[in-house]
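Engineer:
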Amino acid sequence: MNDIYQKCKETADYLRERIDAKDAIGLVLGSGLGDLADEIVDPISIDYSEIPNFPQTTVKGHEGKLILGTLNGKKVLFMKGRIHYYEGYTMQEITLPIRVMKLLGVRVLFLTNAAGGVNRKFKPGTLMFIDDFINYMGDNPLRGPNIEEFGERFPDMTKAISAEYSTIAKLTAEEIGIEVKHGVYMAFSGPSYETPAEIKFAERIGADAVGMSTVPELLVARHCNLPVIAISCITNLAAGITGEELSHEEVIETTNAVKEKFKTLVKEIINRM
Ligand code: HPA
């Protein structure tokens, strides 16, 4: 059996004895959004450090808990704290939790993140549905022997984002009157922010937002046929657009300022999923 598959199975077996995530909605909470997890009813929380093969979070604002419970009456499995490639893990390591979710029977995945705005019309605080993405991380979690148990060698990415759940998300935003843009997310490996020249490049090739996450999870979810949608909170204008320097503090400040709007939207979408 493939090594990675073996590890995913081991982790899923461990978790199955503690939680029943069958048919749950899986959520990955991006920078600053962790406290949505506080609203989960009847939570069962497991620290990443207790879960075999789970990578540990090392970034401020990413706590490291897997939480099962209900939100608006829907069964949810939250990852409170994301694992990033720049932390030093391999692509296969950072995406293990997504594959484990699939093995646990999670029925749809909802990814959230903080991102820099490349599209000049996207001011800090803008929310953006990810309609498509550019993998500029220089690596791919599907590299290496294909894990047949999860999916095929050459998975299609034309329809990487679930059309069904995107429609639900879009209609939800309209119905509750929260404006959400649509765009292309381009992932860099980080951890340095992009240079102004890289952002000019990103803009020219069609990116609307840039970030350091989400794309590995999207690729793996698509590969194992786990329907997935993703939303970015634009926390700052990308490098070189205003001439100001970028900081993680600014990212956290903006997510704090739009958190309530973001949380409302995510909860309402979950409600209709
Ligand atoms: N670049 C990359 N990642 C980010 C940014 C950015 O400008 N803002 C928040 N995450």
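In this text, residue positions in the sequence shown follow our numbering: the first is 49, and each later residue adds one. Even glycine gets a Cβ: it sits at the ideal position worked out from N, Cα and C.
1) Any chance you could list the residues with Cβ under 6 Å from a heavy atom of the ligand HPA, keeping chain order?
2) Would DSSP call Thr59 helix, strand or coil?
3) Contact defined as beta carbons within less than 8 Å: I believe Ser210 pairs with Val276. What is the distance between those atoms, to the nearest angstrom?
4) Closest to Pro100 by C-alpha separation, out of Thr59, Asn284, Leu144, would be which residue?
5) Pop quiz: Phe126 and Ala85 are said to be a contact at Cβ under 8 Å. What is the actual Cβ separation, rounded to whole angstroms?
6) For a test of the three-state rule: what should DSSP assign to Thr143, helix, strand or coil?
7) Give the C-beta separation of Glu298 and Asn319 to the nearest angstrom, bearing in mind that I take them to be a contact with Cβ-Cβ under 8 Å.
8) Report yes if the CB atom of Thr105 is closer than 8 Å to the CB atom of Val268, and no otherwise.
9) So, helix, strand or coil for Phe170, using DSSP?
10) So Val156 and Ala250 are supposed to be a Cβ contact under 8 Å. How far apart are they, rounded?
11) Just mark Leu219 as buried or exposed, buried being the case when its beta carbon has 16 or more other beta carbons within 10 Å.
12) Would you kindly work out how many angstroms separate the C-alpha atoms of Gly136 and Ser237, rounded to a whole number?
13) Quick check: Pro239 and Met260, are their CB atoms within less than 8 Å of each other?
14) Give a yes or no on whether the C-beta atoms belonging to Asp256 and Gly153 are separated by under 8 Å.
15) Report the residue from Tyr133, Lys311, Ser280 whose alpha carbon sits nearest the alpha carbon of Tyr184.
16) Give the DSSP-derived three-state secondary structure of Asn273 in the structure shown.
17) Beta carbon of Leu119, beta carbon of Ile88: below 8 Å?
18) Measuring from the CB of Ile216, is there a heavy atom of the ligand MG at a distance below 7 Å?
19) Report the option in Tyr233, Arg191, Leu151 whose CA atom is closest to the CA atom of Met176.
20) Tell me, please, which residues DSSP counts as bridged to Val314.
21) Return the first residue and the last residue of the beta strand (DSSP E) that Lys113 is part of.
Structural biologist: Reading off the structure:
1) Ala162, Ala163, Gly164, Tyr241, Glu242, Val258, Gly259, Met260, Thr283, Asn284, Ala286, Leu294, Val299
2) For the purposes of this step, residue 59 is taken as the residue at position 11 of the sequence shown. It is helical.
3) As a first step, residue 210 is located in the sequence shown; it is residue number 162 there, counting from the start. As a first step, residue 276 is located in the sequence shown; it is residue number 228 there, counting from the start. With a Cβ gap of about 6 Å, Ser210 and Val276 count as contacting.
4) One-based indexing of the sequence shown puts residue 100 at position 52. Pro100 has its Cα closest to that of Thr59, out of Thr59, Asn284, Leu144.
5) Reading the sequence shown from its first residue, position 78 is the one you call residue 126. Reading the sequence shown from its first residue, position 37 is the one you call residue 85. Confirmed, Cβ separation roughly 5 Å.
6) Your numbering for residue 143 matches position 95 in the sequence shown. Three-state result, Thr143: coil.
7) As a working mapping, residue 298 is identified with position 250 in the sequence shown. As a working mapping, residue 319 is identified with position 271 in the sequence shown. About 31 Å; that fails the 8 Å criterion.
8) Reading the sequence shown from its first residue, position 57 is the one you call residue 105. Reading the sequence shown from its first residue, position 220 is the one you call residue 268. For Thr105 and Val268, no; Cβs fall outside 8 Å.
9) Position 122 of the sequence shown, counted from the start, is the residue given in the question as residue 170. If DSSP states are grouped into helix, strand and coil, Phe170 belongs with coil.
10) By 1-based counting over the sequence shown, the position of residue 156 is 108. By 1-based counting over the sequence shown, the position of residue 250 is 202. With a Cβ gap of about 29 Å, Val156 and Ala250 do not count as contacting.
11) Along the sequence shown, read from residue 1 onward, the residue named residue 219 stands at position 171. Answer is exposed; the Cβ neighbour count stays below 16.
12) As a first step, residue 136 is located in the sequence shown; it is residue number 88 there, counting from the start. As a first step, residue 237 is located in the sequence shown; it is residue number 189 there, counting from the start. If I take the Cα positions, the gap works out to 10 Å.
13) The residue you call residue 239 lines up with position 191 of the sequence shown. The residue you call residue 260 lines up with position 212 of the sequence shown. For Pro239 and Met260, yes; Cβs fall inside 8 Å.
14) The residue given as residue 256 occupies position 208 in the sequence shown. The residue given as residue 153 occupies position 105 in the sequence shown. Not closer than 8 Å, so no.
15) As a first step, residue 184 is located in the sequence shown; it is residue number 136 there, counting from the start. Minimum Cα distance to Tyr184 is reached at Tyr133.
16) Here the question's residue 273 lines up with position 225 in the sequence shown. In the structure shown, Asn273 sits in coil (DSSP, three-state: anything other than H, G, I, E or B).
17) Taking the first residue of the sequence shown as position 1, residue 119 is located at position 71. Taking the first residue of the sequence shown as position 1, residue 88 is located at position 40. Going by C-beta atoms, Leu119 is nearer than 8 Å to Ile88.
18) The ligand MG is absent from the structure shown, which contains only the ligand HPA.
19) On the sequence shown, position 128 is the one that residue 176 refers to. Nearest of Tyr233, Arg191, Leu151 to Met176, Cα basis: Tyr233.
20) The residue given as residue 314 occupies position 266 in the sequence shown. Its beta-bridge partners do not exist; DSSP assigns none.
21) Your numbering for residue 113 matches position 65 in the sequence shown. Its beta strand (DSSP E) spans residues 113-119.
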